[in-house]
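For reference, the structure discussed in these notes is given below.
Number of protein chains: 4
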Amino acid sequence: MTTALVLACTLKPSPAESSSVLIGQQVLDALGEHDVTGEVVRVVDHDVRFGVSTDEGDGDAWPALREKVLAADILVLATPIWMGQPSSVCKLVLERLDAELDETDDEGRMTTSGKVAAVAVVGNEDGAHHVCAEVFQALNDVGFTLPAGAATYWVGEAMQSVDYADHDETPEKTAETTKTLAANAAHLARLLGGAAYPA
Amino acid sequence: MTTALVLACTLKPSPAESSSVLIGQQVLDALGEHDVTGEVVRVVDHDVRFGVSTDEGDGDAWPALREKVLAADILVLATPIWMGQPSSVCKLVLERLDAELDETDDEGRMTTSGKVAAVAVVGNEDGAHHVCAEVFQALNDVGFTLPAGAATYWVGEAMQSVDYADHDETPEKTAETTKTLAANAAHLARLLGGAAYPA
Amino acid sequence: MTTALVLACTLKPSPAESSSVLIGQQVLDALGEHDVTGEVVRVVDHDVRFGVSTDEGDGDAWPALREKVLAADILVLATPIWMGQPSSVCKLVLERLDAELDETDDEGRMTTSGKVAAVAVVGNEDGAHHVCAEVFQALNDVGFTLPAGAATYWVGEAMQSVDYADHDETPEKTAETTKTLAANAAHLARLLGGAAYPA
Amino acid sequence: MTTALVLACTLKPSPAESSSVLIGQQVLDALGEHDVTGEVVRVVDHDVRFGVSTDEGDGDAWPALREKVLAADILVLATPIWMGQPSSVCKLVLERLDAELDETDDEGRMTTSGKVAAVAVVGNEDGAHHVCAEVFQALNDVGFTLPAGAATYWVGEAMQSVDYADHDETPEKTAETTKTLAANAAHLARLLGGAAYPA
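Protein chains in written order, with this note's numbering: chain S, 6 to 204; chain Z, 6 to 204; chain A, 6 to 204; chain R, 6 to 204.
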């Protein structure tokens, strides 16, 4: 069974409506069409600490989320854009993943080896490509593989304020892109699941 | 007299229509309201060579453009967005400006000291903030000062293809932002023109 | 009296040693040579909430820090580099500053109008220019002016692990750059203190 | 037979020594250990035009290079860092690759589908992670897959001027990273060569 974890990096705790939770759920649904199962976790609902270790102690919620990351074949980061950049919560998650650089198995492979990553981005007006650039680089740094078409996104016209979650229907181009992302991520996760990178 | 130079970094030589030339001209017009005079130069119409020196020799067109940069109080880079990033022509200009790091006057000030810079960005759908980030950083590295509101931009909705130059009327938010840019750049250039940074 | 606030964006609470607190203090000391007084605040010691408003309520520590920002003529963000990018704490601060876009005085000027910003960056090996790019853009977006030479930084050789705070003596180039930053920021803050941007 | 093309994006034409040609050759040699054959092309030796089409006409050298890209299973972009960013020549190559978005086969797959990309970066002091971010994003946008560990790089200490090509021996960490890149890129190219993404 191929599995996915979507970490939604909105700044707002539940039950506030969140565009990044929405697009994250849409990616998960699209992965479902390829027999990938999983869940969306809203990171800010958990007490994840700032840091670059696997466990910052003292009630840190990251170790529990980390277990979910390590159990999944596909990791999707869904993030809002703030100031043209990934959210601070997204950056917090990436910093916690940085700890995986020091975590290797008996054959020297990172814990993330063979895992596939993808990115879903929503903003009012601008910044999706740069958010992808930042997140792709950080995820690749810590061992994830990026399928062709590893991102889906929506932004509106310059200096406007409509949210992705305000749409009655998913913008068509974004919906198509989400489908491609899911098909490619599922395909690549299965390939790598059957043939590990050299140790 | 306060003067400005707009370097338009479209990939297309004249006489092709260019959104970055258009927004560059709009910035110049807005500066004109503050008694700043100057011109728009379409870089790709000139044989500027790749390099990081002030003169790459052999017919290099940069030295002539460089004279214009050094004569101006305000430098505006107008660039299209390609792939969420500044154009290669914009990057080429920044690399040529990198040579100014080694050019100082008798008191140790860079040739760019006291000059104000601003950025104008146009794209179909995404990337303006990141383009500003890249250009701000590179221009600041080589000695330019950035006024509050140093950028104006336009982009459309995600994955669309309308150009800035396709609009019958300038999008209102962009027009307002261009005005603020011009007012602030003119103000700051005059302040610095009257009171140089310490040597 | 010209004043400065340094927000140090280390991930580690006091009393852990911090390279970004160190370089932030060095910038403040260098500003002191130009009769600028102020303080360094380690953001993570305060319970600043994720969000994009001026006050997220419920014990949010941002309003108290915000008062310090609004009282200062110069804001310095000192940040470590993690994964080639600004820290999540730095990003958190920028997001909170985003609220200033909606805060204007009777003449329509932003609360940040006339304030000067600068950046100090430390990392083991790589990322200072990009961190500056991100922070310059975000600070300029919300109304700050960036003096020539608005950044100072230190990084080591690729893939090494020495910290800035591990040095017995400040690396010479960084020390010089810090001095220039301070001289220029103080100069520009005084100019703008005496001559506000047009309303 | 699995094949690779390295496009070296130095600003300097042959026969000038080039650090990016050097690291590009090292990546190719490392790929050779995994039975991948190919060549290094120094882009600036060819008259590649600015543009975003597959052929800008009038002696444009891109169509010949494009044939090499389309014939290779693995594309490596080797670029110097200038001002903390990819070179303008690298950006020029990415813009030319943007044309592939409109080039699909009978089943709707992009010409780049199934191709693997990697990045090699050299600079004096800073910028490798950001260069990777920019290049990863642009290459992924146009259909390339990025293996785990898709980058190798070298930079020196902050504000220094030693070049990668100045080293008598390859810095050890960079040499190791290059090996991992090659092993992973070869593995992933073979997997995708045997099992295309869904149409």
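Yeah, the Cβ is synthetic: ideal placement off N, Cα and C, and Gly gets one too.
For R:V121, DSSP records a beta bridge to R:I79, R:T150. If the five residues before and after A:N189 are omitted, its C-beta is found closer than 7 Å to the C-beta atoms of P152, A153, G154, all from its own chain and listed in chain order.
Rounded to whole angstroms, S:L80 and A:E174 show a C-alpha spacing of 43 Å.
Under the three-state reduction of DSSP, A:Q165 is assigned to coil, being neither helix nor strand. When 8 Å is used as the limit between beta carbons, Z:A163 is near these residues of chain S: A133, Y158, W159, V160, G161, P176, K178, T179, in chain order. Under the 8 Å Cβ criterion, the stretch 135 to 144 of chain R counts as touching the stretch 82 to 97 of chain R, having at least three qualifying pairs. The stretch 158 to 171 of chain Z makes contact with the stretch 166 to 185 of chain S, as at least three CB pairs between them are under 8 Å. For S:D171, the closest alpha carbon among the candidates S:V127, S:P91, S:G198, S:V74 is that of S:V127. Our two residues, S:H134 and Z:D111, have alpha carbons roughly 44 Å apart in a direct line. With a beta-carbon spacing of about 10 Å, R:V48 and R:V11 fall beyond the 8 Å limit used to define contacts.
Within the stretch 116 to 129 of chain A, not one residue has a Cβ closer than 9 Å to any Cβ of chain S. When Z:G199, Z:L33, Z:H51 are compared, the shortest CA-CA separation from Z:K120 is found for Z:G199. Straight-line measurement puts the Cα of R:K73 at about 17 Å from the Cα of R:T109. For S:E181, no beta strand (DSSP E) encloses it; the enclosing alpha helix (DSSP H) starts and ends at 177 to 199. Judged by DSSP in its simplified three-state form, Z:V11 adopts strand.
Among the residues of chain R, those whose CB is under 7 Å from the CB of S:E139 are A138, following chain order. Out of S:A77, S:S24, S:A9, S:V53, the CA that lies nearest to the CA of S:T116 is found in S:A77. The Cβ of A:V26 sits no closer than 8 Å to any Cβ of chain S.
Annotated three-state conformation of R:G43 is strand, per DSSP. Along the stretch 37 to 67 of chain S, going in chain order, the ones with a CB nearer than 8 Å to a CB of chain A are V49, F55, G56, V57.
Sorting Z:T15, Z:T84, Z:D107, Z:N129 by C-alpha distance to the C-alpha of Z:A123 places Z:T84 at the top. The three-state reading of DSSP puts S:V127 in strand, counting E and B together. Taking the Cα positions, S:V57 is about 7 Å away from S:L102. Taking the beta carbon of A:A187 as reference, no residue of chain Z falls within 8 Å; the closest one sits roughly 10 Å away.
Assigned with DSSP and collapsed to three states, A:A66 falls in coil, not helix or strand.
Where S:A35 is concerned, the enclosing alpha helix (DSSP H) starts and stops at 24 to 37. Burial of A:M88 is indicated by the presence of at least 16 other C-beta atoms within 10 angstroms of its C-beta.
Apart from sequence neighbours up to five positions away, the residues of its chain that approach Z:D65 with a beta-carbon distance below 8 Å are D52, V53, R54, G56, ordered along the chain. Taking 8 Å as the Cβ-Cβ cut-off, the stretch 7 to 33 of chain Z has no residue approaching chain S. For A:R114, no alpha helix (DSSP H) encloses it, and the DSSP letter there is neither H nor E. Under DSSP, A:T84 takes part in a beta bridge, and its partners are A:V126. At a cut-off of 8 Å, the C-beta of Z:A35 has no neighbouring C-beta in chain A. Neighbours of Z:A200 in chain A, taken as residues whose beta carbon is under 9 Å from its own, are H192, R195, L196 in chain order. Per DSSP, A:V98 is one residue of the alpha helix (DSSP H) stretching across 93 to 102. Assignment of beta-bridge partners to R:A170 by DSSP yields no partner.
Taking a C-beta distance under 8 Å as the contact criterion, Z:L33 and Z:A13 do not qualify as a contact pair.
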